[in-house]
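Before any comments, here is the structure.
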Amino acid sequence: MAPSPRAKLGALAALFHLWNIYVASGQFCGCSSLVVPVHVDVLIPKDPTDPFGGLNSNASSLRRLNETYDVFGVFCQPNTPVSPEKADVIQLLVHGFTYTSQYWSPLTEEFRNYSYTEFACNRGLSSLAIDLVGVGLSSRPANASDVQFATNAAVVSQLARHLKIVSTIAGVQPFKKVIAIGHSAGSATLTFGAIAEGAHSPFDGFILTGNLNIQPGTLPGLPGVMSARDDTPLRWNGLDPNYITTNNRSLFYPANPNSFSPRMMIFDAFTKDVGPLSSQLQGSVTSLPVHYPGPVAKVVGSEDQGFCAASNCVDVVALNAAEHLFWPDARSFDVVVAQGSGHDLNLDFFAKGPFNTFVGFVEQFAAL
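According to mature numbering (1 follows the signal peptide of the UniProt record, and there is no 0), the sequence shown holds residues -26 to -1, 1 to 342 in order.
This is the structure:
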């Protein structure tokens, strides 16, 4: 599948503007909400149940999606001066299934210690956390089958290109390097884009969390997945039934309840969002080889009840070797197993460990 033409960029001048829904600040970090109109022109499967999202399909089974979507994001930058090397780098943060940009910074004072965006700001790194198309405050197409991995992979790649050529906010220059950090289905979205674009990818490194290439059939299904309009009619009654959500978040946390705050799980359930059914049906895409030449790291929690069940993550050397096979051209490749963490590495008592790991890889990739 050909990526969206770079020529489309010219039509997106002056695309960043503030949207005053969320503005946050702290001692080290200033954040502002914004909306980015992003144009995508991609081929997606006519059948959203295609397990490879169209990457292995012939032209007759694909259809053209030519749309402009409003993408909501929260841009955060350090309040204090940083080195030129760090000032030139931005992290593009991509959430997972049924989450939003809030995954990277829960919007409540009680959970401030779980904010990766603030943690990164404290270390001199800017970030843009987005809501994927179909989710949160971004555009939600009426037809859920328009929202596939190919759709959002094109969105995040276009955003990366924009960040390198367009000023996001007055006084903030374009960035020289964009490093993507994904979580779970967000990691799969980034992987899809890396497969489709290869050496033409605009990203200067990938940090993929909560996602491994475990063979299909070895992972337990997500608990309580159902049509969002059936789950919460007052909120989502008008949605296409193929927008889905989950009414049980337990698989996202360690099995040991002493590993996380029970109030975090309550907050998680209260703020959950939706995802397209295709995000659960096209997961086989991550089993395809990726000919991306930049640096790549994967981070997974040792207590991830899906990916690290059945001792899958005990032998880290073997896990690294197995995962590396799917990224044969990567300049560097590492797998880190975060001890004690669950699937949602950002939301349990061990979050600071993965946060340090993320920042370490961002600094390493930025120096290349």
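We put the beta carbon where it would ideally sit given N, CA and C, even for glycine.
Practice item. List the whole-angstrom C-beta distance separating M238 from N221, where the pair is believed to meet the contact cut-off of C-beta under 8 Å. Key: In fact, because the Cβ distance is near 17 Å, the residues do not count as touching under 8 Å.
**Study point:** Within the region 255 to 338, ranges of the alpha helix (DSSP H) (whole runs, at least 4 residues)
**Key:** Annotation: the region 255 to 338 contains the following complete segments of the alpha helix (DSSP H) (minimum length 4 residues), in chain order: 290 to 298.
Point to revise | Delimiting residues of the beta strand (DSSP E) encompassing E41 | key: Annotation for E41: the continuous beta strand (DSSP E) segment containing it runs L36 to P52.
Review point. Thinking C-alpha only, which one of S35, Q279, F339 and A283 is nearest A308?
Key: Correcting the residue identity first, residue 308 is Asp in this sequence and not Ala. When each option's Cα is compared against that of D308, the closest is F339.
**Study point:** Sub-9 Å separation of T64 and L164 beta-carbons
**Key:** It should be noted that the sequence gives Ile, not Thr, for residue 64. The answer is no: Cβ separation not under 9 Å.
**Study point:** Proximity below 9 Å, CB of H69 to CB of D105
**Key:** yes
Point to revise | Selected residue, minimal CA-CA separation from V9, among F49, A154, L17 and D21 | key: Looking from the CA of V9, the closest CA among F49, A154, L17 and D21 belongs to F49.
Check your understanding: Does the region 217 to 233 come close enough to the region 311 to 320 to have 3 or more Cβ pairs within less than 8 Å?
Key -> yes
Point to revise | Beta-carbon proximity check, F177 vs S131, cutoff 9 Å | key: yes
Exercise for review: Assign V65 to one of three DSSP states: helix, strand, or coil.
Suggested key: Reading off the sequence, residue 65 comes out as Gln, not Val. Strand.
Exercise for review: Identify every run of the beta strand (DSSP E) within the region 78 to 163, keeping only runs that are complete inside it and at least 3 residues long; order them along the chain.
Suggested key: Taking only runs of at least 3 residues, the beta strand (DSSP E) segments lying wholly in the region 78 to 163 are 100 to 104 and 151 to 157.
**Study point:** Contact the region 88 to 98 vs the region 132 to 151: 3+ CB pairs below 8 Å
**Key:** no
Practice item. To the nearest angstrom, report how far apart A103 and H13 are at their CA atoms. Key: 18 Å
Review point. Can we say the region 245 to 264 touches the region 24 to 32, given the rule of at least three CB pairs closer than 8 Å?
Key: The region 245 to 264 and the region 24 to 32 touch, with no fewer than 3 CB-CB distances between them shorter than 8 Å.
Point to revise | the region 325 to 339 contacting the region 178 to 187, beta-carbon criterion three pairs below 8 Å | key: yes
Practice item. Over the uninterrupted beta strand (DSSP E) stretch that includes T219, give me the two end residues. Key: Y217 to T220
Exercise for review: Please work out which residues of its chain come closer than 6 Å, Cβ to Cβ, to C175, disregarding the five sequence neighbours upstream and downstream, and give them in chain order.
Suggested key: Strictly speaking, residue 175 in this sequence is Ser, with Cys absent from that position. For S175, where only same-chain residues beyond five positions count, the Cβ hits under 6 Å are A168 and Y266.
Practice item. State yes or no: is the C-beta of S233 within less than 9 Å of the C-beta of F329? Key: When the beta-carbon positions are compared, S233 and F329 stay at least 9 Å from each other.
Check your understanding: Which residue or residues does DSSP assign as beta-bridge partners of M200?
Key -> T219
Review point. Relative to the C-alpha of L186, which residue among G160, G172 and E171 is closest?
Key: G160
Practice item. Spatial neighbours of D242 within its chain, please: CB distance less than 7 Å, with the 5 preceding and 5 following residues excluded, ordered by chain position. Key: Around D242: R223 and L321.
**Study point:** Contacts around F300, its chain only, beta-carbon distance under 8 Å, and the 5 residues preceding and following it disregarded
**Key:** N187, T260, S261, L262, P263 and V264
Check your understanding: Is L213 helix, strand or coil when you go by DSSP?
Key -> Here L213 sits in coil by DSSP.
**Study point:** Buried or exposed by the 16-neighbour rule on C-beta atoms within 10 Å, applied to L251
**Key:** buried
Practice item. Give every residue of the same chain whose Cβ lies closer than 7 Å to the Cβ of D214, excluding the five residues on either side of it in the sequence, and list them in chain order. Key: A116, N117 and A118
Check your understanding: Who are the near neighbours of L36 in its chain, counting only those whose CB is closer than 8 Å to its CB and skipping five residues on each side?
Key -> In the same chain as L36, and ignoring 5 residues on each side of it, the C-beta atoms closer than 8 Å to its own belong to M(-26), L17, I18, P19, K20 and G28, in chain order.
Point to revise | T82 classed as buried or exposed, judged by whether at least 16 other C-beta atoms fall within 10 angstroms | key: Around the beta-carbon of T82, fewer than 16 other beta-carbon atoms lie within 10 Å, marking it exposed.
Exercise for review: Closer than 6 Å by C-beta to S(-2): which residues in its own chain qualify, once you throw out the five before and the five after it? Chain order, please.
Suggested key: Model confidence at S(-2) stands at a pLDDT of 49, short of 50, so the residue's coordinates are unreliable and nothing is read from them.
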